[in-house]
Structure formats: structure tokens, C-alpha cells
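In UniProt numbering, the protein residues as written are 1 to 159.
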């Protein structure tokens, strides 16, 4: 969770204490509203848009192999292509594997700034993804729902 201190206390020790307590930034009053907005955007971008920093674009979920480079799932000796939306969802989940990704973050990653109201569409895409990556889509073990929060992709084995 990002933390930004907004304070009237601008002494060096106050700033150092705030940053030492885990703040991402420390802004002293008075400040320009535009500066605060830009600082917030920078923090949110850094925290919530985690680009793939490793070379693992192919991973396995038991017998299924998911290749994000080629946007395909290999399951039961079949190659199942991912749609653009399925691919975007899976990339976001894989970037944050083993952690909950909120519905809002997924919608933003897939549909951009105009993502309000796409929660039901997201559920449909998740269902289709489960049909491709889960042994039993009705009882998912990899692409899990965190009720009221979002989704989590459990990746145990990376190749």
C-alpha cells in the first residue's frame, strides 16, 4: 500500500522519520496541487504497474504450459490461443502471481481509463481463461477468486 506524508513539519528529522517509517514520499505544506498530483501519479504507477522484470514468459500449471510471448496455452496436446483481453488479464495476473489483483486493477490493465462498469465482462473473461488453464474450470486451483477483492493466479512451478 502506497504511503504519502503530507505535513506542515518540514524539518530534516521529520522528513527522515517519515521516510524511515516507510513512506513513499513526504510533501511539506505549502505545496502546488499539480506537484502533489504528479507525485501521487508517480507513486501509483510505480506500485501498481509492475512490468515483467524477469525472463519467465513461459510457465507451467501442472500439465498446462502458458506461453505469454505467443499468447497460447498448451493443454492436453492442444494449442489454445488467448484472445487479446485474456492475454492482458493473464499478463497482469502473472506479473502479480500469488498475490491478489483487484478487479479495478485488472479492468484498468485491460480496458484502460474507461474501465468503469467492466466487472461483469471481466468475470466472463476469467471464466473463459479458466476453461483454458484449469483442469476443472468449475473448481479452480490456479486462477482463484478473492471474493469482493479480485483474482489471484497461483504459480508454483516456473519454467
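Beta carbons are placed, not taken as given, at the ideal position from N, Cα and C, and that holds for glycine.
Just to confirm the assignment: which complete beta strand (DSSP E) runs, minimum length 3, are found wholly within the UniProt DNA-binding region "OmpR/PhoB-type" (56-155)?
58-61, 64-67, 72-75, 78-81, 100-102, 143-146, 150-153
From residue 81 to residue 59, what distance separates their C-alpha atoms?
15 Å
Kindly indicate which residue of 88, 98, 106, 122 has the alpha-carbon position closest to the one of residue 69.
88
In terms of residue numbering, what span does the alpha helix (DSSP H) encompassing residue 25 cover?
Careful: residue 25 lies outside any alpha helix (DSSP H), inside the beta strand (DSSP E) at 25-28.
Whole-angstrom C-beta distance between residue 132 and residue 73, which should lie under 8 Å:
5 Å
Got a sec? Which residues, its chain only, sit under 8 Å from residue 23 by beta carbon, not counting five neighbours each side?
3, 4, 5
Would you call residue 86 buried or exposed, if buried means 16 or more other Cβ atoms sit within 10 Å of its Cβ?
buried
Cβ-based neighbour list, residue 15, same chain, cut-off 7 Å, excluding 5 preceding and 5 following:
26
Going by alpha carbons, who is nearest to residue 1 out of 40, 36, 8, 29?
40
Applying the 10 Å Cβ sphere with the 16-neighbour rule, what's the burial state of residue 150?
buried
Which listed residue (30, 102, 83) has its alpha carbon closest to that of residue 125
83
DSSP three-state label for residue 17, please.
helix
Is residue 156 close to the ligand NAP? I mean its beta-carbon at under 7 Å from any heavy atom of the ligand.
With respect to the ligand NAP, the structure shown offers nothing to examine, as it has no ligands at all.
According to DSSP, residues forming a beta bridge with residue 7
28
Secondary structure of residue 2, DSSP reduced to three states:
coil
Status (buried if at least 16 other CB within 10 Å, exposed otherwise) for residue 44
exposed
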